[in-house]
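In our numbering, the protein residues as written are 1427 to 1562. C-beta: ideal position from N, C-alpha, C; glycine also. Every value quoted in this text rests on a predicted model; they were computed, and no experiment measured them. These notes concern the structure reproduced below.
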């Protein structure tokens, strides 16, 4: 995406009429993925299984790494498959019929946890220039 390098925008594309709409579409789809993933993680029922422990440790490790290097998007790329999986499970559970078994548990505390996790992910994704203090 276009923009100042200090804001994490390292795109080398020349300005064009499509650059702004494509940039907004990329930002909106990225934000939507983070929000859906956060709720998919928080509402997931299977946290006591070994795969869930692996997912939690892997995502936690990546978030700690990303916290220090959040301006560099290449460090975020390895989380994409898990983010898409959790986001997909949330969307599938939302559109599934009520009589279908769900892998998600919809409780008040889980919705709150999903909201907090979504805020954290969005903050890490978009507040890089503020957190870094590199942009004037």
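About 15 Å separates the Cβ atoms of residue 1542 and residue 1470, ruling out a contact at the 8 Å cut-off. Between the stretch 1482-1492 and the stretch 1500-1520 there are three or more inter-stretch CB-CB distances shorter than 8 Å, so the stretches are counted as touching. For residue 1465, the number of other beta carbons within 10 angstroms of its own is at least 16, and it is reported as buried. Counting C-beta atoms within 10 angstroms of its own C-beta, residue 1515 has 16 or more neighbours from the protein chains shown and is therefore classed as buried.
Between residue 1548 and the set 1493, 1460, 1474 and 1477, the nearest pair of CA atoms involves 1460. Judged by DSSP in its simplified three-state form, residue 1470 adopts strand. Residue pairing for residue 1530: DSSP places it in a beta bridge opposite 1470.
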